[in-house]
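K.L.:
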Amino acid sequence: MRLPLPLDLPAVLQPLVVRNQQSLREAIAGIEGLDFDAWNSAQRHAFDQVAAVSDFVLEVALREPAMLFTLQASGELERPFAPGELRARIAAAAEAAQSEEELARNLRRERNRQQVRIIWRDITRQAALEETCRDLSDLADASIDQAYQWLYPRHCQQFGTPIGNRSGQAQHMVVLGMGKLGAVELNLSSDIDLIFAFPEGGETEGVKRSLDNQEFFTRLGQRLIKALDPVTVDGFVFRVDMRLRPYGSAGALTLSFNALEQYYQDQGRDWERYAMIKARVVAGDQVAGAQLQNMLRPFVYRRYLDFSAIEALRTMKQLIQQEVRRKGMSENIKLGAGGIREVEFIAQAFQLIHGGRDLSLQQRPLLKVLATLEGQGYLPPAVVAELREGYEFLRYTEHAIQAIADRQTQMLPEDEKDRERVAFILGFADWQSFHDQLMHWRGRIDWHFRQVIADPDDEEGEGELVVGGEWSPLWEQAQDEEAACRQLEEAGFKQPAEALRRLALLRSSPSLRSMQRIGRERLDAFIPRLLAQAVEHDDPDLVLERVLPLVEAVARRSAYLVLLTENPGALRRLLTLCAASPWIAEQIARYPLLLDELLNEGRLFSPPLAPELACELRERLTRIPEDDLEQQMEALRHFKLAHSLRVAASEITGNLPLMKVSDYLTWLAEAILDQVLALAWRQTVARHGQPKRSDGSLCDPGFIIVGYGKVGGIELGHGSDLDLVFIHDGDPQGETDGAKPIDGAQFFTRLGQRIIHMLTTQTNSGQLYDVDMRLRPSGASGLLVSSVGAFERYQQGEAWTWEHQALVRARVLVGCKQVAAAFEDVRARVLGKPRELDKLRQEVSEMRAKMRDNLGTKSTAAGTAANAFEAGMPFDIKQDAGGIVDIEFMVQYAALAWSHDHPALLRWTDNIRILEELEQAGLMPADDAVLLREVYKAFRSASHRQALQKQAGVVDAGQFADQRRQVRRIWSELGLT
1 MRLPLPLDLP AVLQPLVVRN QQSLREAIAG IEGLDFDAWN SAQRHAFDQV AAVSDFVLEV
61 ALREPAMLFT LQASGELERP FAPGELRARI AAAAEAAQSE EELARNLRRE RNRQQVRIIW
121 RDITRQAALE ETCRDLSDLA DASIDQAYQW LYPRHCQQFG TPIGNRSGQA QHMVVLGMGK
181 LGAVELNLSS DIDLIFAFPE GGETEGVKRS LDNQEFFTRL GQRLIKALDP VTVDGFVFRV
241 DMRLRPYGSA GALTLSFNAL EQYYQDQGRD WERYAMIKAR VVAGDQVAGA QLQNMLRPFV
301 YRRYLDFSAI EALRTMKQLI QQEVRRKGMS ENIKLGAGGI REVEFIAQAF QLIHGGRDLS
361 LQQRPLLKVL ATLEGQGYLP PAVVAELREG YEFLRYTEHA IQAIADRQTQ MLPEDEKDRE
421 RVAFILGFAD WQSFHDQLMH WRGRIDWHFR QVIADPDDEE GEGELVVGGE WSPLWEQAQD
481 EEAACRQLEE AGFKQPAEAL RRLALLRSSP SLRSMQRIGR ERLDAFIPRL LAQAVEHDDP
541 DLVLERVLPL VEAVARRSAY LVLLTENPGA LRRLLTLCAA SPWIAEQIAR YPLLLDELLN
601 EGRLFSPPLA PELACELRER LTRIPEDDLE QQMEALRHFK LAHSLRVAAS EITGNLPLMK
661 VSDYLTWLAE AILDQVLALA WRQTVARHGQ PKRSDGSLCD PGFIIVGYGK VGGIELGHGS
721 DLDLVFIHDG DPQGETDGAK PIDGAQFFTR LGQRIIHMLT TQTNSGQLYD VDMRLRPSGA
781 SGLLVSSVGA FERYQQGEAW TWEHQALVRA RVLVGCKQVA AAFEDVRARV LGKPRELDKL
841 RQEVSEMRAK MRDNLGTKST AAGTAANAFE AGMPFDIKQD AGGIVDIEFM VQYAALAWSH
901 DHPALLRWTD NIRILEELEQ AGLMPADDAV LLREVYKAFR SASHRQALQK QAGVVDAGQF
961 ADQRRQVRRI WSELGLT
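Sequential numbering of the sequence shown, starting at 1, is according to this note's numbering.
In structure tokens, the structure reads:
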């Protein structure tokens, strides 16, 4: 398909025309030979259209106006390139380079020039989809190959020529392009997935100190990536992704042919077969590359009809849906339902199953595969026609999104101006008409996708078309109110009239009144299913009360309704969680992206362990450009929301006991803090350089984040804030080594401020955590970040007893191991010094009394009045006498009192294990230690339950009367008052 010619610019973009023309005239003022008015009307009209919708083209044109005028004068904006022409341009740019820096600069400038030309021709409809993808792929091929050809002889000059052990011949690298590059289908802002290989092992010759071939090609590969990937003042050539190589990021950068063959034969996974379908030699030794692909073909294409692949394909569907579970994937035209990935999957499914025997399927470009599927009778012509048209529409849309700012994204824009830009580029009068067409194609693609990978044994899909059919007349108001109430009552609703009223309010809400036809049809399909599942619960009234606000919240983003309609299991899990916890219901209503988490039951109720959490977050952030702080902050928030939901869901269903809930929530905080520190450090260093220690060594980072309170004690709950303290070991007076140097004290203060900003800033996805820094030395009036020495001086000479109590629960969460060890030494010295016990008991008791007076229940004198234990009276689980804080204070008192003689008491920061140490040391009777542990866990469990029910931490005083009396007894026996 070809898009219709562009319409006139929409009203929201009209003001940009005059501004852009004026900006261009200002940019060329005084430059001889550049005259915008000399362009003919068609050329000026094209500029107006392109510059109004592509900030990237305008930015390049204003930065390098001569380049734009050269493109225009040469006619390159108005004609397709001949075969080989683009490669010749890249080759000339590479050959002109005298150094690697100049090579990188020349390639980036030529890339910008070609990117402007390609975007210009795409927007003005002079290039069809096939030409745009081919030009972009040719640009990548030529850039990789010419950079390699420039680097190889210079690398040989430095390290010798690599010679094969078996052949005795000079060796060249083979660069495999995967994914869209391999299929010659690159988009306007693709990264390039590469695999590096070389034919044989051996050593280099011609230099004094030889290298083995793998080391030679690894270093060469690193130089090649450096020539293409980093962002400089001239931009980048292509973002390079090497994670499809064997063993991913942990694997060797280059491998010999034999090593590759052995890996795929012994360990190759189904997704690697899937990826290897599109592999193509894009640079280096083409002859050796053809040999490599012949070696790997048996791994990709089985010689028989490979119906065993069907189960693997269903597993791959789950991999796709894992990406759908991430934020906004419903708005992602590549990964979301009915997106580009699903069309690719359909084609490659047939290739994996039949490609071993039907050689016509052994090809890379998707559209050609679809044509073969039609020609060979694998798919009906009507199906192929829909897939082809839908795919091309999605690819045009992808190009339109990326043309705006040359950003690697497939997310539909939220900004009104950018939405109008996309609609205009696609030839639609407005966003809504474009979006309707987009959702039509996505719906058709998703339907075909599900047909291809349907499981015949999946009973969940049986009778899907009639699920909830008995509720359709009620929702569509095809029966009178009396009959509707009777149906609701017979189904188990205790307040049928109220349920009917809620449905009527939803139906008449502003969100629904403004829905488009497709969205309304999706809602009409969903509500009967919702009602059918709601009546399966003990309290359908409560389910409806909690879920309908969510329905209203997502009504305008009806893809979420499709998600729930098409995944009955996800809907069932949603209703179960909302019925159990209004906190979860509110979270999902506020952040509908969490619905994606419901797709996989196993994942939802099995939160990952700490290493997996950290790895998953690190992997997610590597996909985001280093300078895109906004996207990084969103990714962190999405990650926290998703995993917090999984922990809450696991707690509600009994999959996780209390202690594990706190463990997971604490691990989640630590994983996030680790990445926040890394991001903040990188950004601060990029601006000011690295700080130094007093011995002149560089801090890297020479900084730790210490957690106090619940995070320090590994006792985080749902919605807990973080009590943090920042410590460094840099030289406060020493200057950083960057272009804008500042002293160490300023550097670490700014680093701390940036960390707090990233944690606390409110975005569309909320904030990461509330942060409390008041436990730092001198509290709110003290420095934001302390040196290790200053921290120790304060703790030894100025800190109050209550600050030492807090230090009992303090531990290093993330940061420099060297500084962490220094902190642990300080903590041990401060807490382990001998104390006068009478004075300590008095100070701890006085602080506890103040807390009860200020925070406890007034009506029962904070649990100390005569009626404090009577049923019907309130009990604040945390603050009242006999509650959580009493136990915490006893543990802290014991640690301060006896750790001088029993340093094992300082080994842990959580109350449970400190109580165990007290028991083992004989400092507390075993019965009392066990009792305090069990009561403490019971109190915390009750607090968690209250939080999930969105209720204050107050229960009936009769509930824990006996336990509280025992806590008060032990309190008194310790001599506390």
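Beta carbons are placed, not taken as given, at the ideal position from N, Cα and C, and that holds for glycine.
Could you give the distance in angstroms between the alpha-carbon of Ala942 and the alpha-carbon of Val967?
P.N.:
If you take the alpha carbons of Ala942 and Val967, they lie about 17 Å apart.
K.L.:
Would you say Gly164 and Gly206 are within 8 Å of each other, going by their C-beta atoms?
P.N.:
Contact: no.
K.L.:
Could you tell me which of Arg113, Ala96 and Asp358 sits nearest to Arg63, measuring between CA atoms?
P.N.:
Nearest of Arg113, Ala96 and Asp358 to Arg63, Cα basis: Arg113.
K.L.:
What are the partner residues of Ile727, as DSSP defines its beta bridges?
P.N.:
In the DSSP output, where bridge partners are listed per residue, Ile727 has Ile704 and Ser786.
K.L.:
Can you give me the Cβ contacts of Ser899 inside the same chain, cut-off strictly under 6 Å, excluding the 5 residues immediately before and after it?
P.N.:
Excluding positions up to five away in sequence, the list reads Leu831, Gly832, Leu905 and Leu906.
K.L.:
Leaving out five residues before and five after Gly713 in sequence, what residues of the same chain have Cβ atoms less than 7 Å from its Cβ?
P.N.:
Excluding sequence neighbours, Gly713 sits near Arg809, Thr909, Asp910 and Asn911.
K.L.:
Report the rounded CA-to-CA distance for Ile144 versus Tyr264, giving the unit in angstroms.
P.N.:
Each residue's Cα considered, the two are about 25 Å apart.
K.L.:
What number of angstroms, rounded off, separates the C-alpha of Phe875 from the C-alpha of Gly863?
P.N.:
Whole-angstrom Cα-Cα distance: 7 Å.
K.L.:
Mapping DSSP to helix, strand and coil, what is Gly719?
P.N.:
Coil at Gly719, not helix or strand.
K.L.:
Start and end of the beta strand (DSSP E) containing Leu488?
P.N.:
Not the beta strand (DSSP E): Leu488 falls in the alpha helix (DSSP H), residues Glu481 to Ala491.
K.L.:
Rounding to the nearest angstrom, what Cα-Cα distance links Leu359 and Arg623 in this structure?
P.N.:
Approximately 35 Å between the Cα atoms of the pair.
K.L.:
Considering only residues of the same chain and omitting the five flanking positions on each side of Val231, which have a CB-CB separation below 8 Å?
P.N.:
These residues qualify, in order along the chain: Pro625, Glu626 and Asp627.
K.L.:
Report the rounded CA-to-CA distance for Ala957 versus Gly338, giving the unit in angstroms.
P.N.:
If I take the Cα positions, the gap works out to 55 Å.
K.L.:
How would you label Pro657, buried or exposed, when you count the other beta carbons within 10 angstroms and need 16 or more for buried?
P.N.:
Exposed is the call here.
K.L.:
Please name the residue, chosen from Pro691, Asn106, Asp285 and Glu110, that lies closest to Gln169 on a Cα-to-Cα basis.
P.N.:
Measuring from the Cα of Gln169, the nearest candidate turns out to be Asp285.
K.L.:
May I ask which residues mark the beginning and end of the alpha helix (DSSP H) holding Glu498?
P.N.:
Looking at the DSSP string, the run of the alpha helix (DSSP H) that includes Glu498 is Pro496 to Arg507.
K.L.:
Under the three-state reduction of DSSP, which class applies to Gly268: helix, strand or coil?
P.N.:
In the structure shown, Gly268 sits in coil (DSSP, three-state: anything other than H, G, I, E or B).
K.L.:
Output the distance between the C-alpha atoms of His728 and Ala822, rounded to the nearest integer angstrom.
P.N.:
Cα to Cα, the separation comes out at about 10 Å.
K.L.:
Look at Ala534 and Leu575 and say whether their C-beta atoms are less than 8 Å apart.
P.N.:
Yes.
K.L.:
I'd like the span of the beta strand (DSSP E) that includes Ser256, first residue to last.
P.N.:
That run of the beta strand (DSSP E) goes Thr254 to Ser256.
K.L.:
Can you tell me whether Leu305 is buried or exposed, with buried defined as 16 or more other CB within 10 angstroms of its CB?
P.N.:
Interpretation of Leu305 is limited by its pLDDT of 44, a score under 50 that renders its predicted location unreliable; no figure is taken from the coordinates.
K.L.:
Counting only the same chain and skipping the five closest in sequence on each side, list residues whose C-beta sits under 6 Å from that of Lys327.
P.N.:
The pLDDT assigned to Lys327 is 41, lower than 50, so where the model puts this residue is not dependable; a value taken from the coordinates is nonetheless given after this. Leu593 and His638, listed in sequence order.
K.L.:
Is Pro611 helix, strand or coil when you go by DSSP?
P.N.:
DSSP places Pro611 in helix when its eight states are reduced to three.
K.L.:
Out of Asp901, Leu373, Gln746 and Trp447, which one is the CA nearest neighbour of Pro834?
P.N.:
Checked all of Asp901, Leu373, Gln746 and Trp447; the closest Cα to Pro834 is Asp901.
K.L.:
Which same chain residues end up closer than 7 Å to Glu344 when comparing Cβ atoms and leaving out the 5 residues on each side of it in sequence?
P.N.:
Cβ within range, chain order: Leu366.
K.L.:
With H, G and I counted as helix, E and B as strand and the rest as coil, what does DSSP make of Met439?
P.N.:
Residue state, collapsed to three classes: helix.
K.L.:
With the cut-off set at 8 Å, would you say Val57 and Leu13 are in Cβ contact?
P.N.:
Against a cut-off of 8 Å, the Cβ pair of Leu13 and Val57 comes out as no contact.
K.L.:
On a Cα-Cα basis, can you pick out the residue from Leu722, Gln949, Ala11 and Phe236 that is closest to Leu577?
P.N.:
Of the candidates Leu722, Gln949, Ala11 and Phe236, the one whose C-alpha sits nearest the C-alpha of Leu577 is Gln949.
K.L.:
Under the assumption that Ile346 contacts Leu394 (Cβ atoms under 8 Å), give the Cβ distance between them as a whole number of angstroms.
P.N.:
Rounded, the Cβ-Cβ distance is 13 Å, inconsistent with contact.
K.L.:
Just how far apart, CA to CA, sit Glu490 and Ala499?
P.N.:
Cα to Cα, Glu490 sits roughly 13 Å from Ala499.
K.L.:
So Arg811 is in the beta strand (DSSP E); what residue range does that whole segment cover?
P.N.:
Arg811 to Gly815 is the extent of the beta strand (DSSP E) around Arg811.
K.L.:
In the DSSP assignment, the beta strand (DSSP E) including Arg280 goes from what residue to what residue?
P.N.:
Segment Arg280 to Gly284, the beta strand (DSSP E) holding Arg280.
K.L.:
Alpha carbon to alpha carbon, how far is Phe526 from Val466? Give it in angstroms, no decimals.
P.N.:
A caution first: Val466 carries a pLDDT of 47, below 50, which makes its placement in the model unreliable, though a value can still be read off. C-alpha separation (whole angstroms): 12 Å.
K.L.:
Report the three-state DSSP secondary structure of Asn332 (helix, strand or coil).
P.N.:
Note: Asn332 maps to strand in three-state DSSP.
K.L.:
Under three-state DSSP, which class holds Lys692?
P.N.:
Strand.
K.L.:
By DSSP's criteria, Ile192 is part of a beta bridge. Which residues make up the other side?
P.N.:
BP columns for Ile192 point to Val240.
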